[in-house]
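**Q** Protein sequence lines, in the order shown, are assigned to chains A and B.
Read in order, the letters of the first sequence are residues 1 to 196 in this note's numbering.
Read in order, the letters of the second sequence are residues 1 to 186 in this note's numbering.
The beta-carbon is built from N, C-alpha and C at its ideal position, and this holds for glycine as well.
Since this is a predicted model, take the numbers as computed values, not measurements.
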Amino acid sequence: MSKNFKLITDGLVKNNPTFVLLLGMCPTLATTTSAVNGLSMGLATLFVLVLSNVVISLIAPVVPDKVHIPVYIVVIATFVTLLQLLMQAFTPAMYETLGLFIPLIVVNCIVLGRAEAFASKNGVLASAFDGIGVGIGFTCSLTVLGLVREILGSGSAFGWNFIGGNDGMLAFVMAPGAFLCLGYLMVLFNKLFKKN
Amino acid sequence: MAAVSNLKNMVLVLGTTCLLCSAVLGGAYALTKEPIDAAAVAKTNKAVGSVLPAFDETSYESVEADGKTYHYYKAVKGGETIGYAVESSVVGFGGPLSLMVGITPDGVVYNTSVLSHAETPGLGAKCNTDVKFMAQWEGFDPSSKILTVKKDGGDVDAITASTITSRAYALAVQNAVNAVKLIDHE
Numbered sequence: 001m002s003k004n005f006k007l008i009t010d011g012l013v014k015n016n017p018t019f020v021l022l023l024g025m026c027p028t029l030a031t032t033t034s035a036v037n038g039l040s041m042g043l044a045t046l047f048v049l050v051l052s053n054v055v056i057s058l059i060a061p062v063v064p065d066k067v068h069i070p071v072y073i074v075v076i077a078t079f080v081t082l083l084q085l086l087m088q089a090f091t092p093a094m095y096e097t098l099g100l101f102i103p104l105i106v107v108n109c110i111v112l113g114r115a116e117a118f119a120s121k122n123g124v125l126a127s128a129f130d131g132i133g134v135g136i137g138f139t140c141s142l143t144v145l146g147l148v149r150e151i152l153g154s155g156s157a158f159g160w161n162f163i164g165g166n167d168g169m170l171a172f173v174m175a176p177g178a179f180l181c182l183g184y185l186m187v188l189f190n191k192l193f194k195k196n
Numbered sequence: 001m002a003a004v005s006n007l008k009n010m011v012l013v014l015g016t017t018c019l020l021c022s023a024v025l026g027g028a029y030a031l032t033k034e035p036i037d038a039a040a041v042a043k044t045n046k047a048v049g050s051v052l053p054a055f056d057e058t059s060y061e062s063v064e065a066d067g068k069t070y071h072y073y074k075a076v077k078g079g080e081t082i083g084y085a086v087e088s089s090v091v092g093f094g095g096p097l098s099l100m101v102g103i104t105p106d107g108v109v110y111n112t113s114v115l116s117h118a119e120t121p122g123l124g125a126k127c128n129t130d131v132k133f134m135a136q137w138e139g140f141d142p143s144s145k146i147l148t149v150k151k152d153g154g155d156v157d158a159i160t161a162s163t164i165t166s167r168a169y170a171l172a173v174q175n176a177v178n179a180v181k182l183i184d185h186e
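1. Are Ala175 (chain A) and Leu22 (chain A) closer than 8 Å when you measure CB to CB?
2. Counting only C-beta atoms, is Ala28 (chain B) closer than 8 Å to chain A at any point?
3. At a CB distance below 7 Å, what residues from the segment 27-49 of chain A approach chain B? Give them in sequence order.
4. Please report the residue range of the beta strand (DSSP E) in which Lys74 (chain B) lies.
5. Cβ closer than 7 Å: which chain A residues qualify as neighbours of Val13 (chain B)?
6. Can you pull the chain A neighbours of Val4 (chain B), defined as C-beta to C-beta under 9 Å?
7. Can you give me, in chain order, the residues of the segment 127-142 of chain B that have a beta carbon less than 9 Å from any beta carbon in chain A?
8. Please list, in chain order, the chain B residues whose beta carbon lies closer than 8 Å to that of Ser154 (chain A).
9. For Val131 (chain B), count neighbouring Cβ atoms within 10 angstroms of its own Cβ and tell me buried if that reaches 16, exposed if not.
10. Using DSSP with H/G/I as helix, E/B as strand and the rest coil, what is Ala54 (chain B)?
11. How about Glu186 (chain B): is its C-beta nearer than 8 Å to some C-beta of chain A?
12. Is the distance from the Cβ of Thr139 (chain A) to the Cβ of Gly42 (chain A) below 8 Å?
13. Less than 8 Å between the beta carbons of Tyr70 (chain B) and Val63 (chain B), yes or no?
14. Could you tell me which residues DSSP pairs with Thr116 (chain B) in its beta bridges?
15. Do the CB positions of Leu123 (chain B) and Leu170 (chain A) come within less than 8 Å of each other?
16. Which residues share a DSSP beta bridge with Val86 (chain B)?
17. Can you check DSSP and say which residues form a bridge with Ala135 (chain B)?
18. Please report the Cβ distance between Pro168 (chain A) and Val50 (chain A), rounded to the nearest whole angstrom; I am assuming they are in contact, meaning their Cβ atoms lie under 8 Å.
19. Using 8 Å for Cβ pairs, my map puts Ile105 (chain A) next to Val111 (chain A). What's the rounded Cβ distance?
20. Please confirm whether Ser34 (chain A) and Ala115 (chain A) have their CB atoms less than 8 Å apart.
21. Which residue from B:Ile183, B:Arg167, B:Ile164 and B:Gly102 puts its Cα closest to that of Leu115 (chain B)?
22. Looking only at C-alpha atoms, which of A:Ser2, A:Tyr72 and A:Thr18 sits nearest to Leu14 (chain B)?
23. Count the other CB atoms within 10 Å of the CB of Ile69 (chain A); is the residue buried (16 or more) or exposed (fewer)?
24. Nearest to Thr165 (chain B) by alpha carbon, out of B:Thr17, B:His117 and B:Val41?
25. Does any C-beta atom of chain A lie closer than 8 Å to the C-beta of Lys43 (chain B)?
26. Going along the segment 84-101 of chain A in order, which residues come within less than 7 Å of chain B, judged by CB to CB distance?
27. Quick check on the DSSP output: the alpha helix (DSSP H) that includes Ile56 (chain A) runs from which residue to which?
28. State yes or no: is the beta carbon of Val173 (chain A) nearer than 8 Å to at least one beta carbon in chain B?
29. In the DSSP output, which residue or residues are listed as bridge partners for Val91 (chain B)?
30. Between the C-alpha atoms of Asp65 (chain A) and Glu61 (chain B), what's the straight-line distance to the nearest angstrom?
31. Should Leu170 (chain A) be flagged as near chain B, meaning a C-beta pair shorter than 8 Å?
32. Report the three-state DSSP secondary structure of Ser162 (chain B) (helix, strand or coil).
33. Ser154 (chain A) to Ala23 (chain B), Cα distance in whole Å?
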């Protein structure tokens with residue numbers, strides 16, 4: 001159990017996909033215009049990550065080496081499409097804000113990266129925990145990044161406006177602010193957690 | 001570890017994976033089709049309801065204007081047509097900007113709402129949230145006011161720093177107004 005627990009904390013800190021591995025930059029920069037968007041995108045990726053990790057760790061032993069990438073991608077794409085259909089059906093409002101980026105989870109390097117680097121070499125349970133850990137790490141990073149950008153850019157937090165009016169620093173809602181925030185958060189993260 | 005690759009097992013594994021995945025997706029599609037359609041209908045009804053006064057029922061029709069086909073919902077109350085909710089789509093700053101424009105039979109804009117947009121968050125996307133910008137469409141009478149932004153000599157207050165989006169919005173409303181003029185009022 002402590003090994004599985006370590007997999008989760010690893011995903012949060014040591015293997016943090018956003019601030020340490022620098023994977024999945026496209027959804028990270030594009031969807032984190034607000035804390036809620038970042039959180040939802042993180043949770044969507046978490047869902048795909050856990051399921052694809054589980055299935056890939058199950059099928060890995062029988063998949064021939066030369067076709068393993070196409071097979072993994074098909075599995076991942078299936079879960080992403082499944083998620084897209086479910087969101088469209090049951091959470092239309094959320095689908096509206098994130099719809100554009102959901103299909104991009106397929107090409108998110110985190111998902112294929114964890115399938116290649118972890119799930120294909122480890123058991124089902126360990127892979128599931130790795131998926132949860134990395135997924136939570138991704139969700140937290142995106143939420144924090146979204147929160148910082150929302151506070152600076154729109155003057156609100158989780159949709160709650162605290163400055164009144166629409167007078168945030170617009171740059172932070174747009175791409176340049178995304179890079180700036182990501183850079184400074186990365187500095188902060190590495191200062192806090194990296195052991196020399 | 002992974003099995004040694006040969007043609008037979010590669011075809012077999014990749015084929016089976018694709019087959020299973022398509023089956024799963026086919027099933028999911030069939031299961032979610034109904035709620036997705038229901039959500040789309042609910043969204044349309046909400047959009048029609050938000051741009052027109054209370055109505056009994058709507059019928060979906062279309063009209064040709066400027067070589068384009070405009071789809072609209074004719075809202076009827078007590079046997080009388082009380083307005084048209086026109087779907088109007090133009091190119092905005094970041095992509096297509098689709099509006100639902102409610103117009104009463106005398107050609108006055110009742111209200112508008114955004115169906116979908118791809119405008120910049122924090123700038124053009126405010127066309128969907130900026131209260132001042134949205135409120136000016138209520139009761140906008142195109143026969144006495146000009147449907148272009150003030151910068152271009154019209155009567156529309158543009159969203160700060162989003163002139164292109166505001167222009168597109170005004171154009172979409174104008175197109176809808178033009179389309180309604182061509183509808184056969186009975």
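**A** In terms of the structure at hand:
1. Result no, Cβ atoms of Ala175 (chain A) and Leu22 (chain A) do not sit closer than 8 Å.
2. For Ala28 (chain B), a Cβ of chain A is located within less than 8 Å of the residue's own Cβ.
3. Those residues of the segment 27-49 of chain A that come within reach of chain B (Cβ to Cβ, closer than 7 Å) are Thr33.
4. Segment Lys68 to Lys77, the beta strand (DSSP E) holding Lys74 (chain B).
5. Result: Val62, Val63, Pro64, Val67 and Val71.
6. The contacting residues are Pro64 and Asp65.
7. Answer in chain order: Thr129 and Asp130.
8. Result: Gly122.
9. The residue is exposed, with fewer than 16 neighbouring Cβ atoms inside 10 Å.
10. Reduced to three states, the DSSP call for Ala54 (chain B) is coil.
11. The pLDDT assigned to Glu186 (chain B) is 49, lower than 50, so where the model puts this residue is not dependable; a value taken from the coordinates is nonetheless given after this. No - not a single Cβ of chain A is within 8 Å of the one on Glu186 (chain B).
12. Pairing Thr139 (chain A) with Gly42 (chain A) gives a Cβ-Cβ distance under 8 Å.
13. Yes, the Cβ-Cβ distance between Tyr70 (chain B) and Val63 (chain B) is below 8 Å.
14. The sequence shown places Ser at residue 116 (chain B), not Thr. Note: Ser116 (chain B) sits in a beta bridge opposite B:Ser98.
15. Going by C-beta atoms, Leu123 (chain B) is nearer than 8 Å to Leu170 (chain A).
16. Beta-bridge pairing links Val86 (chain B) to B:Tyr72 and B:Val101.
17. BP columns for Ala135 (chain B) are empty, so no partner.
18. Pro is not the amino acid found at residue 168 (chain A); the sequence shown has Gly there. Contact doesn't hold; Cβ gap of about 35 Å is too wide.
19. For a cut-off of 8 Å, the C-beta gap from Ile105 (chain A) to Val111 (chain A) is around 6 Å, short enough to register as a contact.
20. It is not a contact, given that the beta carbons lie outside the stated cut-off.
21. Nearest of B:Ile183, B:Arg167, B:Ile164 and B:Gly102 to Leu115 (chain B), Cα basis: B:Gly102.
22. It is A:Tyr72 whose Cα lies nearest to the Cα of Leu14 (chain B).
23. Ile69 (chain A) should be labelled exposed.
24. It is B:His117.
25. Yes, its Cβ sits closer than 8 Å to a Cβ of chain A.
26. Those residues of the segment 84-101 of chain A that come within reach of chain B (Cβ to Cβ, closer than 7 Å) are Leu85, Leu86, Gln88, Ala89, Phe90 and Pro92.
27. Its alpha helix (DSSP H) spans residues Ala35 to Ile59.
28. Val173 (chain A) counts as touching chain B.
29. Beta-bridge pairing by DSSP links Val91 (chain B) to B:Pro96.
30. Each residue's alpha carbon lies about 56 Å from the other.
31. Chain B, which has a Cβ nearer than 8 Å to the Cβ of Leu170 (chain A), makes this yes.
32. If DSSP states are grouped into helix, strand and coil, Ser162 (chain B) belongs with coil.
33. Cα to Cα, the separation comes out at about 44 Å.
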